[in-house]
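A quick write-up on the structure given underneath.
Chains as they are written, first to last, in the working numbering: chain P, 2 to 828; chain X, 70 to 400; chain W, 61 to 263; chain H, 114 to 297.
If you want it as structure tokens, here you go:
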């Protein structure tokens with residue numbers, strides 16, 4: 002890594018690494034430098050110019066200036082104070098005085114800094130421009146409140162990767178030149194820029210993005226707010242409840258902000274979700290899908306029926322939308338009462354991880370999201386990254402943008418979002434079931450051939466094929482030319498034309514068949530052969546590599562072999578490997594529960610189908626609390642045990658009550674199980690109440706604890722070569738959730754509620770001769786599902802169905818693998 | 070004769086009971102009004118014209134209010150105490166001749182329930198017993214403020230009984246009888262014959278002692294709100310409290326009658342005024358005086374009260390008796 | 061001096077005079093002398109005279125409350141009123157929630173939403189008068205002079221729900237003409253204009 | 114007839130009251146019944162037309178019992194029952210009962226045998242008060258004066274005993290003096 006250096010800020014000696022921005026160093030050391038436009042982990046925009054400091058006697062912008070050894074920074078001088086005050090005054094020019102109704106009032110950075118800079122008078126003025134309000138789906142943009150700090154633009158580009166926002170001309174008056182003499186330099190420059198621009202969509206009136214809403218979060222003023230939250234309450238009335246997002250395995254840190262529902266109804270309600278945008282972005286499902294709570298009352302009769310069902314049952318089917326503690330209770334139920342535990346997702350992940358461990362030597366995978374952020378080269382295989390785990394996608398994008406990195410994206414379905422990340426990200430759209438080839442490809446291109454097991458090297462070499470191709474070759478040819486020259490006769494002084502023969506060597510391009518060696522893997526993957534050339538520049542500088550593997554691999558018929566290959570990659574390449582757990586707590590369930598493959602006769606379903614259903618969705622035989630009504634922990638993608646808290650009260654029975662009634666639990670509260678999580682799997686005996694849940698100023702995540710990675714004995718068995726699998730012939734559809742959906746829980750949230758459909762790309766629609774809104778029969782074997790077709794412009798090919806709508810029985814369509822062959826029929 | 074006497078007595082008892090209960094109520098109205106006027110207020114104005122029915126409203130209120138006995142109280146004595154006050158106040162009236170004799174349908178009525186020859190002594194004695202009411206109430210309430218009120222009752226009783234007795238001794242010596250009718254008859258024949266001219270000091274002493282006996286300002290230490298909440302009556306409510314109230318006002322009337330009979334010519338005709346009206350006027354003057362004094366003067370401290378009694382009033386009373394005796398012996 | 065002047069005059073020192081207090085009697089003899097002096101000097105009788113004269117003069121100051129009422133100071137903090145804009149009749153309240161925040165007895169609650177013009181409006185406004193201590197902070201903090209204290213001070217009620225809802229406090233539309241610009245508690249001071257720093261206008 | 118009814122009524126009441134006085138463990142009950150009993154005794158005087166003695170009985174005893182009340186108030190919590198350390202013995206009850214019976218018999222015997230004659234019968238001409246006065250100041254002059262002197266002596270003694278430091282007034286004392294007293 003970069004060398005450690007020391008700089009002095011306001012007399013305080015701060016240690017940092019070379020190349021870090023001064024602003025970040027100051028923040029990490031608790032020194033306050035005002036800044037509006039800078040966002041951690043994004044590129045500096047220099048829009049606000051507030052972070053002006055004096056470095057070794059020269060004025061620089063702290064967000065932009067890189068630390069050098071021995072640098073001495075002064076954050077406040079007389080001139081800086083003058084500049085900052087002038088800047089804040091300029092920001093206040095024509096800013097509407099509607100703090101009273103503004104949603105940001107109370108947590109507004111414009112308010113804060115106006116007070117901080119002691120602005121009590123306005124010296125500047127210009128004619129105001131009409132700036133209309135824009136409604137962008139979930140997002141409400143009040144342009145007149147906007148101070149054009151461009152944080153939204155920056156975060157959309159550098160962090161999220163949608164790049165849906167940009168600055169557009171405002172159409173305001175030009176700044177009078179006379180201001181230039183009257184006001185401080187930076188303030189004038191800032192005003193000049195401010196007066197010219199406003200935020201707008203990149204294309205057209207509507208935003209073209211994945212609706213993460215991060216722009217709402219980063220907006221320092223009330224310009225960008227959630228349409229749903231707009232004018233419903235004041236931010237200071239809300240209770241911030243720190244929690245972990247329950248929708249996907251990223252389990253992002255967020256705050257549920259609650260208040261009583263209305264004057265008549267004192268029950269608390271979640272008004273919005275906010276996040277620590279400097280440290281962790283949040284996806285749209287997390288931000289807008291917060292009200293999936295199950296408002297149930299205590300139903301003693303149902304509880305008694307549940308106890309009877311438990312006494313009768315021999316199997317518990319459950320999904321992974323549960324906490325670690327609930328998983329432990331289920332495991333205890335299994336240990337003491339002999340139930341079989343069925344959870345397909347988690348079992349697949351577990352099998353994959355076990356096989357992976359045999360070849361990597363570690364019980365857990367090696368990379369986490371932070372590694373992705375820091376990588377210069379990221380490869381993703383077998384996952385529809387943008388909907389499977391948006392935060393990993395943001396990290397991928399961030400790595401590409403901030404580290405000038407690149408990557409590879411192996412997936413059968415075209416993804417314009419990934420394509421738009423940059424030229425250095427090369428998508429490889431292979432056919433389904435070719436994931437093995439992709440992993441061998443990584444070994445082929447990035448593996449240390451000297452260290453790799455010999456049989457692998459041999460196998461890779463055996464895949465090399467000789468090909469010929471027409472190549473333009475430069476050949477020099479001798480050409481004789483006749484050149485007419487004008488020669489001046491010395492004697493006569495007359496001009497005279499003389500013909501001359503000149504021999505020249507001229508380069509000439511000639512097409513010629515060339516033989517070369519190339520791996521057959523390229524063909525298997527339908528990859529362009531010049532793939533690696535495109536990445537040459539990136540790879541030459543890359544220091545850190547991350548491989549992201551997704552659910553396609555765990556469900557793959559040859560998942561075990563894939564896992565072993567991944568283990569090899571971890572050991573013998575520069576890549577660190579990250580597995581994306583398919584559901585929120587799949588990793589936790591896989592680690593805590595001893596899962597079975599086959600169920601018994603009478604099953605209890607917990608958020609799953611069964612003879613007796615416990616449901617947090619409110620449609621079962623006994624109500625269970627939703628994850629925003631529970632306290633407990635998740636084991637997230639970072640292999641971290643993160644705590645979540647109760648946002649809304651739950652009055653019904655919880656799983657622990659059942660366990661108590663069955664004599665399995667002796668605890669009063671579920672969270673008493675937190676310290677009993679299995680230590681042999683890497684958990685630590687820490688009380689729930691002692692788990693931290695915050696970020697430090699320098700951006701270090703301080704939530705819960707990381708699981709301990711244990712050593713595993715290596716397997717000596719050889720890894721199988723690529724198996725020939727029967728190809729899909731007919732129509733192939735994918736199992737995947739649309740953007741903003743993860744599960745029936747997200748679908749329960751009032752902002753995201755929608756009906757399950759067949760989402761298809763434009764090319765797919767054309768191929769199948771369908772139109773949006775058509776009804777189709779999806780047929781497989783003897784199952785027919787009728788649904789509507791909807792165009793999804795965020796995929797470039799293929800079609801998919803989601804599992805978020807339980808009314809569509811996707812389970813019977815897909816037997817494991819995420820791609821399946823079906824017959825489509827227009828109704 | 071015997072039957073007629075019994076009927077007459079019972080009728081007289083009923084009349085006295087009814088009349089003085091009503092008068093006590095009316096006196097509260099008068100007191101509130103007079104006090105109000107003296108303090109530039111209007112007093113009760115809402116119930117009835119000029120608030121005249123306020124008495125009735127208060128009565129209804131007192132009767133319907135919850136009768137409340139505290140947990141720590143000595144129940145039977147707590148309950149009996151107000152009855153003692155009210156009963157003794159009325160018993161004392163048994164020996165007071167209110168009016169001159171008059172005739173209804175040939176039947177001569179003597180407006181006195183029991184004409185005993187020691188009437189004066191009886192009245193004073195029974196009135197004295199009346200102070201058992203506050204004493205028992207205070208001691209039985211199980212409340213410290215009440216107990217303080219009871220203690221004050223005891224000292225006031227023990228002290229001012231002496232002054233009353235001694236002050237009235239001198240007139241008794243002059244008249245030579247303890248019968249109030251004798252007193253009245255002694256003063257027949259005009260203002261000049263009133264005993265007040267012969268015994269002005271006794272008159273004043275008796276009046277002062279009367280204030281103390283009836284527990285009125287400036288000697289209302291028993292239930293002085295500023296010091297002992299409501300003294301002995303702190304724990305009382307409803308009609309039990311009302312009985313104390315009635316007792317106090319009945320005592321005021323008794324003292325009024327006594328002073329009028331002993332010193333101010335009783336029910337003898339005054340100039341053109343018939344005797345019955347004359348005594349009523351006198352009594353009402355004293356009632357007014359009680360109220361007037363309440364409006365005008367502050368009350369005294371307990372130690373001042375004792376000091377006044379034992380070191381000022383009693384010596385003066387003794388001296389007055391001695392002088393009266395000497396004068397009677399030699400003239 | 062009369063009325064307000066009397067209270068505004070801080071220079072009262074010239075009106076002080078020393079009260080002569082006679083020494084407290086120490087010996088019993090002194091005490092007796094004082095009793096005689098006070099009894100024979102007509103102190104007690106003067107007291108009686110004063111009260112009697114007051115009664116005879118019959119100079120009554122009582123105000124018979126439910127029938128007669130004293131005028132209330134404009135700065136009196138009675139039951140709250142929600143005002144409307146005088147010209148348009150629109151509600152003045154913009155739903156900023158400052159009153160809700162500042163309320164020290166935590167008795168104000170508002171519900172807001174954007175209206176069809178995109179403005180923030182309060183859909184419901186309640187004050188729990190069972191808890192309100194009439195401190196006037198809400199009127200003081202209101203940036204729109206929308207919530208003010210009325211003159212009504214008789215707020216005994218049989219039901220808690222009374223006076224609590226917006227409709228009870230809001231000026232009815234047909235009585236808009238009777239609504240006065242509020243001069244009382246929380247209104248800007250007469251010198252408010254002078255305190256404002258002016259912003260340059262370039263056009 | 115009335116007199117007989119009244120006599121037995123008051124006799125019964127008097128006995129009940131005094132029984133309560135003796136048996137009650139509560140000082141307040143004991144004293145209140147004592148006072149009531151004393152007043153009921155006065156009824157006998159009235160029945161015997163000895164009005165003066167009756168009233169004197171009321172005045173004297175009510176005052177005396179009031180003094181007892183004052184002591185009770187100072188010495189004990191009159192609302193609580195008094196715990197007696199020496200439980201009454203049967204022999205005491207028996208003996209005192211016998212003595213009372215004996216007294217009654219002794220007094221009854223002459224009445225039953227109808228051999229009682231008043232030495233100084235009531236004369237109707239002079240009033241009750243005068244009669245008492247005459248007896249007191251003639252036949253019983255010496256005992257009366259002796260009793261008066263004894264009471265005077267007792268009173269003076271009482272005053273002297275009580276008047277120690279009576280000239281000191283706590284309210285008029287300077288704080289310093291009080292502290293000095295406290296230090297002593």
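Ideal Cβ positions, reconstructed from N, Cα and C, are used throughout, including at glycine.
Burial is judged here by how many other beta carbons sit within 10 angstroms of a residue's own beta carbon; residue 344 of chain P has at least 16 and is buried. Residue contact check for residue 135 of chain W against chain P: no CB pair falls below 8 Å. Residue 90 of chain P has its alpha-carbon roughly 10 Å from the corresponding atom of residue 96 of chain P.
Put simply, the CB of residue 310 of chain P is far from chain W, with every gap to its CB atoms at 8 Å or more. What residue 102 of chain P touches in chain W, judged by beta-carbon distance under 7 Å, is 154, 155, 156 and 180, going in chain order. By the neighbour-count criterion, in which 16 or more other beta carbons inside 10 Å mark a residue as buried, residue 132 of chain X falls on the exposed side. Any Cβ of chain H closer than 8 Å to the Cβ of residue 173 of chain X would place that residue at the interface, and such an atom is absent.
Boundaries of the beta strand (DSSP E) harbouring residue 274 of chain P: 269-275, taken from the DSSP string.
Annotation: the segment 95-146 of chain W contains the following complete segments of the alpha helix (DSSP H) (minimum length 4 residues), in chain order: 103-117.
Taken through DSSP and simplified to helix, strand or coil, residue 149 of chain P comes out as coil. Given a length threshold of 3 residues, each whole run of the beta strand (DSSP E) inside the segment 419-460 of chain P is given here in chain order: 426-429. The beta carbon of residue 146 of chain X falls within 8 Å of a beta carbon belonging to chain H, placing the residue at that interface. Excluding the 5 residues flanking it on each side, residue 387 of chain P has same chain C-beta neighbours closer than 8 Å at 211, 394, 416, 418, 419, 740 and 795, in chain order. Residues 286 of the same chain have their beta carbon placed closer than 6 Å to that of residue 363 of chain X, with the five preceding and five following residues left out of the count. For residue 659 of chain P, the enclosing alpha helix (DSSP H) has its first and last residue at 656-662. Against chain P, the beta carbon of residue 171 of chain W has neighbours under 7 Å at 263 and 264, listed in chain order. Near chain P, meaning a CB-to-CB distance below 7 Å, the residues of the segment 182-200 of chain W are 184 and 186.
The residues 127, 128, 130 and 196, in chain order, have a CB closer than 8 Å to that of residue 174 of chain P in the same chain once the five nearest residues on each side in sequence are set aside. Within the same chain, Cβ atoms closer than 7 Å to the Cβ of residue 811 of chain P are found at 736, 802 and 804, the five residues on either side in sequence being excluded. Closer than 8 Å to the CB of residue 202 of chain X there is not a single CB belonging to chain H. Taken atom to atom, the span from the alpha-carbon of residue 195 of chain H to that of residue 166 of chain W is near 55 Å.
Under DSSP, residue 219 of chain P forms no beta bridge with any residue. In summary, the residues of the segment 165-186 of chain H whose CB is separated from some CB of chain X by less than 7 Å are 165, 168, 171, 172, 175, 176, 179, 180, 182, 183 and 186, in the order they occur in the chain. According to the DSSP assignment, residue 17 of chain P belongs to the beta strand (DSSP E) that extends over 13-18. Closer than 8 Å at the C-beta level to chain W, one finds no residue of the segment 678-693 of chain P. Ranked by how close their Cα comes to the Cα of residue 827 of chain P, the residues P:806, P:820 and P:780 have P:780 in first place. Cβ neighbours of residue 466 of chain P within its own chain (closer than 6 Å, five residues either side excluded): 521. For the segment 748-770 of chain P, the set of residues with a beta-carbon nearer than 8 Å to any beta-carbon of chain W is empty.
The straight-line gap separating the alpha-carbon atoms of residue 149 of chain H and residue 178 of chain H is approximately 10 Å.
Between residue 513 of chain P and residue 377 of chain P, the C-beta gap is not smaller than 8 Å, which leaves the two residues out of contact. Separation of residue 25 of chain P and residue 764 of chain P (C-alpha to C-alpha, rounded to the nearest whole angstrom) is 46 Å. The segment 268-284 of chain P makes contact with the segment 696-703 of chain P, as at least three CB pairs between them are under 8 Å.
Contacts between residue 152 of chain H and chain X, judged by CB atoms closer than 8 Å, involve 198 in chain order.
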